[in-house]
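In what follows, a single structure is set out as structure tokens and then discussed.
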Amino acid sequence: MVECSTKNKLRNIVDTPFYSKLLGALPTGCRMCVKGEKMVLYATGVCPRSCWYCPLGENRKDQDVIFSNEATVKSFEDIVEECEMSQAKGCGITGGDPLARLDRTVEYIVKLKEKFGSKFHIHLYTTFVLCSAENMKRLYDAGLDEIRFHPDFDKLEDMMRIDNALKYDWEVGIEIPCIPRYEKQIFEMIDYMEGKNVSFLNVNEFEVAGTNMDKMEEEGYEAKDIDSHGVEGSDELGDKILEYCQDKKINVHYCSSTLKDRVQMTNRYKLRAEKVKTKFDEVTEDGQLYRGCIYLKGFALRDMLSDEYKSTPREEIIKKLNEKKEFLEEEGLELIVDEKKLRLITYPEHVEQFAEVLNELDLVPALVEEDPTVKAYETDIDYL
Ligand code: SF4
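Reading the sequence shown from the start, the letters are residues 210 to 593 in my numbering.
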């Protein structure tokens, strides 16, 4: 990482091209994340803390579940597959607290480095609760490249444990949500960091997410406008933090919710879309797959709650799809059967061109946009 300038000289705060603000250099993990090159490895939902603002949903919080991006992980091979499908050049390990399942976390770091090589950059988010000398040694020995701590604003004395991490030759930083009520604690934390030569501070715009919305409302926080999850007052505190650090040897990045939604996610989707697209698909500017789909009447997405849909075995639907495929191929259409989502996929132009005929055949043609993840959520369906 580039060294910051010396004290007393005010460094410039730069507006980045990806909707964030930067003082000094960007940590390696963030540089790759912005390009969509990092796979997100969610090592466990278990965490020794219980922050009131925790954004984890009920299906993850305190649940010992593992995900690789959006995919459920049952074995290490699932993680490898997701890295390959998303063309990842590194990964960020998060949770919960990955240190709450340290054996697993260490095993994944070692195996990922073995599989993808030492340049596969791995960073990890954790708390100070489990930042013992022994745990830090295990992570360093496993090959971890960068570690980021999320301090407890009501227990800043725990930050002393950062000494256990600072012994090693890796990037050590602090990452916090920019919560206006903790302004005083954040400045105390920065003063402490300065004395310790911690290399970076990442400040995330505080967000009202679907999962913590009720709690946020109770605590008096609301989104700054209808187009954003960002909370009122968070940007302003972010500016104050950047100004406060202008004469300090700390790299600061204020990461907006727009960066996550519009840049990081879109770039990650684009990389995955290029890998998973079929010959029928177009990749949109947002990294979505645009494709022509043909459903059986009664089995389109809109019919999923129908009795027919619920009572027909999948094998039977797949058999019918194959019959329709054969028939349509004889009429000159090119298609594949999508057994997961129970439909046929073809060129968008073909469903438009043959829409009338397909309807007459008791089929439901549609133009579909969907995300390129394993979940393949439809973001737009236009039935023809
Ligand atoms: S440390 Fe992170 S994962 Fe744990 S409770 Fe707090 S916000 Fe949630």
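The C-beta atom is built at its ideal place from N, Cα and C for all residues, glycine as well.
With a threshold of 7 Å, the Cβ atom of residue 359 counts as near the ligand SF4, since some heavy atom of the ligand is closer than that. The beta carbon of residue 485 sits closer than 8 Å to the beta carbons of 294, 498 and 581 from its chain, once the five residues preceding and following it are set aside; these are given in chain order.
Going by DSSP, residue 421 is part of no alpha helix (DSSP H) at all; its letter is neither H nor E.
Nearest Cα to residue 228 within the set 504, 464 and 542: 464. Residue range 237-243 is occupied by the alpha helix (DSSP H) that includes residue 243. Of the residues 551, 441 and 399, the one whose Cα lies closest to the Cα of residue 510 is 551. Pairing residue 459 with residue 399 gives a Cβ-Cβ distance under 8 Å.
Proximity of the beta carbon of residue 387 to the ligand SF4 is not indicated: no heavy atom of the ligand is located closer than 7 Å. For residue 260, the CB falls within less than 7 Å of some heavy atom of the ligand SF4. By the neighbour-count criterion, in which a residue is buried when 16 or more other Cβ atoms sit within 10 angstroms of its Cβ, residue 408 is buried. Assigned with DSSP and collapsed to three states, residue 225 falls in coil, not helix or strand. By the neighbour-count criterion, in which a residue is buried when 16 or more other Cβ atoms sit within 10 angstroms of its Cβ, residue 238 is buried. Residue 306 has its CB nearer than 7 Å to a heavy atom of the ligand SF4. Within a 10 Å sphere around the beta-carbon of residue 404 sit fewer than 16 other beta-carbons, which makes this residue exposed. For residue 387, the closest alpha carbon among the candidates 439, 374, 423 and 338 is that of 439.
Setting aside the 5 residues that flank it on each side, residue 555 is surrounded in the same chain by 489, 501, 503, 542, 543 and 544, each with a C-beta closer than 7 Å to its C-beta; the list follows chain order. Taking a C-beta distance under 8 Å as the contact criterion, residue 351 and residue 304 do not qualify as a contact pair.
DSSP lists 575 as the beta-bridge partner residues of residue 592. Beta-bridge pairing by DSSP links residue 496 to no other residue. Within its own chain, the residues whose Cβ lies closer than 6 Å to the Cβ of residue 269, once the five positions on either side in sequence are excluded, are 254, listed in chain order. Taking the C-beta atoms as reference points, residue 330 is found nearer than 8 Å to residue 241. For residue 468 and residue 243, the gap between their C-alpha atoms comes out near 8 Å. Residues 574 and 593 of the same chain have their beta carbon placed closer than 6 Å to that of residue 564, with the five preceding and five following residues left out of the count.
Looking from the CA of residue 466, the closest CA among 452, 297, 448 and 443 belongs to 443. Judged by their CB atoms, residue 235 and residue 456 are not nearer to each other than the 8 Å cut-off. When distances are taken from the beta-carbon of residue 263 to the heavy atoms of the ligand SF4, the shortest one is below 7 Å. Taking every protein chain shown into account, the CB of residue 514 has fewer than 16 other CB atoms within 10 angstroms, so this residue is exposed. Annotation for residue 225 indicates a beta carbon at 7 Å or more from all heavy atoms of the ligand SF4.
Contact between the segment 313-325 and the segment 284-302 is established, with three or more Cβ pairs separated by less than 8 Å. In the displayed model, residue 460 falls within a strand according to three-state DSSP. The closest CA to that of residue 434, considering only 566, 448, 417 and 375, is found on 417.
The distance from the Cβ of residue 319 to that of residue 348 is about 10 Å, inconsistent with a contact at the 8 Å cut-off.
A direct Cα-Cα distance of roughly 30 Å separates residue 221 from residue 336. Using a Cβ distance threshold of 8 Å, residue 451 and residue 461 count as a contacting pair. In the structure shown, residue 248 adopts extended strand secondary structure according to DSSP, grouped into three states.
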